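To get our numbering, take the position in the sequence shown, counting from 1, and add 88. Think of the CB as a built atom: it goes at the ideal place given N, C-alpha and C, for glycine as much as any other residue. A quick note: this is a predicted structure, and the numbers were derived from the prediction, not measured. Reading through the structure tokens given below for one structure.
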Amino acid sequence: MFSCTEEFGLLGFGFLEGLLKVGLGILEFDWNLKDAKSKLSTEDNQPQMSQNRKYEVGRTIGEGTFAKVKFARNSETGEPVAVKILDKDKVLKHKMAEQIKREIATMKLIKHPNVVCIYEVMASKTKIFIVLEFVTGGELFDKIVNHGRMKEDEARKYFQQLINAVDYCHSRGVFHRDLKPENLLLDAAGNLKVSDFGLSALSQQVRDDGLLHTTCGTPNYVAPEVLNDRGYHGATADLWSCGVILFVLLAGYLPFDDSNLMNLYKKISNAEFTCPPWISFGAMKLITRILEPNPEKRITVPEILEDEWFKKDYKPPVFDEKEDINLDDVEAVFKDSEEYHVMEKKEEQQPAAMNAFELISMSKGLNLGNLFDVEQGFKRETRFTSRSPANEIINKIEEAAKPLGFDVRKKNYKMRLENIKAGRKGNLNVATEVFQVAPSLHMVEVRKAKGDTLEFHKFYKNLSTCLEDVVWKTEDDMPETN
């Protein structure tokens, strides 16, 4: 039995570094909170976990209009998971019940190594809990933001995995309809995982003409036939988005972009784009065949699989499929339930403490000097550590955000920053939270809650400049001197 107790505060990061070298094999130890409560978790003022509480929910890692996604831990196995939490009343009020049922059914149908897996669905009287695979490698978009365009071999690998996932989904009558780099995650091994099926539609949902009619998705990645709202085939529309993604991976920027929405629509409708000179002829030819404005002439998945550029070093995925997937519980999530298998943390009057297990689970995205200097190829740049007191960090963020045009709302050690001026996708909304990692060390997480991803990264760069005096820099972060 391995016990994470007060030694964490004494051993500090040397202790964690040793555990990290074990990798996710750390689960071989019995990290069961019933027997081994760490000092950091007991200081959370949380109620004791009862026998039927299967998941312990922690920090928020994403959010949308109708749901929040939180980091959680299976109290029986110690496995880190993501839990999507939906408010039943809010869903019913906005007549979203059918869409949520469709999302759950969609995810349960998909069991593929390049698609984020759904483990189970549970409900209480007021909430729906969708338990998902926790993907630790960050967004594919982070790779592009941090390093710019990719080399062709690297871009090809991700594109091959994307096509594998899309082909599998389409064969099961499932269309994503919002494919973009932000919805493409990377696991610890650097493999692509498609996420966010909130806008998907089962083929059984099409109208009598056999076409989908709901316009959705992010404009820059959306096919021309979707924008004109005359009905479209989900499969060909998804392939267009795949073509835009391939262009972004190779070029480092969007093929269709304009601050004027009507001009953007015109460029998309006419497929007005130019490949930069560094893209090879083979890749350019494939992109051009995918970004064909006429869906009837657009290349198909079988044709992509036979394309010479695509086929280089291609290895089809090998995996075991789970048969006889039961969808009976999809209807059950909107019925009253007395059972409650998820324990959520109460609001804290002090910074939420982050225990060693959470740190290791998120290690692919957190930079704590050499501790998390792993071979990932990139790191998420929207978290930082600080030795300053939590109140000072909060005040510094507020002082920095207001001159940048943001309204600030504070609640304990969480903040919500909203840009007064609307950008390309409405007002940029940023959530921040301060966590206690050790008695004298805090981690600050900054994430986009709403708005444009490029605008968010630009904002974070400006914010970071204003926070240099509170950000803890390790030796690796220091500029080199001669």
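Simplified DSSP assignment, three categories, for M350: Three-state DSSP puts M350 in a helix.
Cβ-Cβ distance between I375 and F335 below 8 Å: Annotated as proximal: I375 and F335, with beta-carbon spacing under 8 Å.
Closest residue to V58 among I485, K181, P269, P381 (Cα-Cα distance): The shown model of the chain, from 89 to 570, leaves out residue 58, and the question about it has no answer.
Whole-angstrom C-beta distance between A478 and C554, which should lie under 8 Å: With 8 Å as the limit, C554 and A478 do not qualify as a contact, their Cβ atoms being about 18 Å apart.
Among I251, A311, L551, the one whose alpha carbon lies nearest that of K399: Shortest Cα-Cα distance from K399 to any of I251, A311, L551 involves I251.
Proximity winner among W397, Y402, G493, F544, relative to T470 (alpha-carbon distances): Out of W397, Y402, G493, F544, F544 has the C-alpha closest to the C-alpha of T470.
Buried or exposed (CB count within 10 angstroms, at least 16 for buried), E94: Because E94 carries a pLDDT of 32, less than 50, the predicted location of this residue cannot be relied on, and no value is offered for it.
Three or more C-beta pairs below 8 Å linking the stretch 355-364 and the stretch 264-282: No, the stretch 355-364 does not touch the stretch 264-282.
Contact with chain B by K178, beta-carbon distance below 8 Å: Note that chain B does not occur in the displayed structure, where there is just one protein chain.
Residues bridged to V282 (per DSSP): V203, L272.
Cβ separation of I481 and V532, assumed to be a contact under 8 Å, to the nearest whole Å: So it is a contact: roughly 6 Å between Cβ atoms.
Status (buried if at least 16 other CB within 10 Å, exposed otherwise) for M210: Buried is the label assigned to M210, since at least 16 other Cβ atoms lie within 10 Å of its Cβ.
Validate contact between the stretch 245-265 and the stretch 175-191 using beta carbons, cut 8 Å, 3 pairs: These segments do not touch.
Which listed residue (A185, I149, Y143) has its alpha carbon closest to that of T165: Comparing Cα positions, the closest option is Y143.
Contacts around L174, its chain only, beta-carbon distance under 7 Å, and the 5 residues preceding and following it disregarded: Within the same chain, L174 has close Cβ partners F154, A155, I188, K215, I216.
CB of L338 within 8 Å of CB of M238, strictly: Cβ distance < 8 Å, so L338 and M238 count as in contact.
Integer-rounded CB distance, given that G146 should sit under 8 Å from V157: Wrong, their Cβ atoms sit about 11 Å apart, outside the cutoff.
Contact belief for I356 with P383 at Cβ below 8 Å, rounded distance in angstroms: Not confirmed; about 13 Å, so no contact.
When L379, W328, N308 are compared against L352, the one with the closest alpha-carbon: Nearest option by C-alpha distance: N308.
Three-way DSSP call (helix, strand, coil) for D177 in this model: D177: helix per DSSP, three-state reduction.
Cβ pair L228, K172 closer than 8 Å: Against a cut-off of 8 Å, the Cβ pair of K172 and L228 comes out as no contact.
Run of the beta strand (DSSP E) containing R535, from where it starts to where it stops: Segment 529-538, the beta strand (DSSP E) holding R535.
Residue(s) in a DSSP beta bridge with I218: I218 pairs with K172, V209.
Cross-strand partners of L555 (DSSP beta bridge): Answer is none; L555 lacks a bridge partner.
Inter-residue CB distance, S528 and R475 (contact presumed, cutoff 8 Å): That belief holds up - the Cβ atoms of S528 and R475 are roughly 6 Å apart, short of 8 Å.
Alpha helix (DSSP H) segment containing S259, residue limits: From DSSP, the alpha helix (DSSP H) with S259 extends over 240-259.
Three-state secondary structure (DSSP) of N515: If DSSP states are grouped into helix, strand and coil, N515 belongs with coil.
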